[in-house]
Structures are given as structure tokens and as C-alpha cells.
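Peer 1: Dropping a structure here in C-alpha cells format, bear with me for questions.
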Amino acid sequence: MIAMPLGDQALLIDAPNPPFLAAAIEQAALPGVVDLVPAKESLLVVFDLAATSFATL
Numbered sequence: 011m012i013a014m015p016l017g018d019q020a021l022l023i024d025a026p027n028p029p030f031l032a033a034a035i036e037q038a039a040l041p042g043v044v045d046l047v048p049a050k051e052s053l054l055v056v057f058d059l060a061a062t063s064f065a066t067l
């Protein structure tokens, strides 16, 4: 799994099962996570920069 910043308020995670990862992140209720967009082989995580950061996530 590889995570890379995408702009200043999102990160893109290459993962083998993005829907499963999205469900796990949603269940964890991480502060600052605004949206999760699973695709075929990646997951876009949009976050509120005022509440968290790429390094924190």
C-alpha cells in the first residue's frame, strides 16, 4: 500500500481492495476525513486541512 499527497487536502492510496479500506477508515471515524472515493485500485481520501494533515493520517 502506497499513500501520496494529492494537492493540499487529499491523499491517494494505492491499495489492493479500496472499498474494504474505505469501509475501515469510515468505521474508524478519523477526525478531519471529509470524503472517501474508492476506485478500482486506489482510494482518494479528502480531508479538512484545519482538522488534520497528510502526515497525521
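Note that this note's numbering numbers the sequence shown so that position 47 is 57, with each residue one more than the last. For every residue, glycine included, the Cβ atom is placed at its ideal position computed from N, Cα and C. If you're wondering where the values come from, they're calculated on a predicted model, not measured in any experiment.
#1: Can you name the residues that DSSP bridges to Ile35?
#2: Would you call Phe57 buried or exposed, if buried means 16 or more other Cβ atoms sit within 10 Å of its Cβ?
#3: Going by other Cβ atoms of all chains shown within 10 Å of its Cβ, with 16 needed for buried, is Ala46 buried or exposed?
#4: With a 10 Å radius around its C-beta and 16 neighbouring C-beta atoms as the bar for buried, classify Val44 as buried or exposed.
#5: DSSP three-state label for Pro48, please.
Peer 2: Considering the structure as presented:
#1: In the DSSP assignment, Ile35 is bridged to no other residue.
#2: When all chains shown are included, Phe57 counts as buried.
#3: Looking at the sequence itself, residue 46 is Leu, so the reference to Ala does not match. Leu46 is classed as buried because its beta carbon has at least 16 other beta carbons within 10 Å across all chains shown.
#4: With fewer than 16 Cβ atoms within 10 Å of its Cβ, Val44 is classed as exposed.
#5: Residue state, collapsed to three classes: strand.
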